[in-house]
Amino acid sequence: LLIVGTVSCVAVTPTKYNLTMAANPVGGGNATDLTNASPYAAGTVVNIKAVANFTGGFYSFLNWTAPAGTFGNATAATTNFTMPAQNVTVTANFVIIG
6 LLIVGTVSCV AVTPTKYNLT MAANPVGGGN ATDLTNASPY AAGTVVNIKA VANFTGGFYS
66 FLNWTAPAGT FGNATAATTN FTMPAQNVTV TANFVIIG
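All residue numbers for the sequence shown refer to our numbering, where the first residue is 6 and numbers rise by one.
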């Protein structure tokens, strides 16, 4: 018995998803993707940072929120975020303190 055939390999590129950074309220401060390499594959750990705005009112960072993915510490202004298998917006939430 003789079997003849070919075997081929196809490189699979992982699907990548967009990370959008947002601030709530918009004037409360800035949210930054410190890794700065979006789009990311699911499971990628991204470094993020929130900085409160001190013009037009004094704001304080409250927490991070996102509809999917996980935070290293959702109440730390500088933390990491693990990307989910979908496009996601990560929001830095601020509260006015004066």
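Note that the Cβ used here is the ideal one computed from N, Cα and C, for glycine as well.
Given the structure is predicted, the values throughout are model-derived calculations rather than measurements.
Checklist entry - Touch check for the region 70 to 78 and the region 31 to 38: three-plus C-beta pairs under 8 Å? => result no
Item to check | Option nearest F59 by Cα separation, candidates V95, W69 and G33 | outcome: One-based indexing of the sequence shown puts residue 59 at position 54. Comparing Cα-Cα distances from F59 to each of V95, W69 and G33, the minimum goes to G33.
Item to check | V95, buried or exposed, once every other Cβ within 10 Å from all chains shown has been counted against 16 | outcome: Here residue 95 refers to the residue found at position 90 when the sequence shown is read from its first residue. With 16 or more other Cβ atoms within 10 Å, it is buried.
Next on the checklist: Tell me the rounded alpha-carbon separation between I53 and A81.
Outcome noted: Position 48 of the sequence shown, counted from the start, is the residue given in the question as residue 53. Position 76 of the sequence shown, counted from the start, is the residue given in the question as residue 81. Approximately 10 Å between the Cα atoms of the pair.
Item to check | Own chain residues within Cβ distance below 7 Å of N92, not counting five before or after | outcome: The residue labelled residue 92 in the question sits at position 87 within the sequence shown. Answer for N92: Y22 and N23, listed in chain order.
Checklist entry - Taking DSSP as the reference, what is the three-state secondary structure of G34? => result Residue numbering aside, residue 34 sits at position 29 when the sequence shown is read from its first letter. In this structure, G34 counts as strand in the three-state DSSP scheme.
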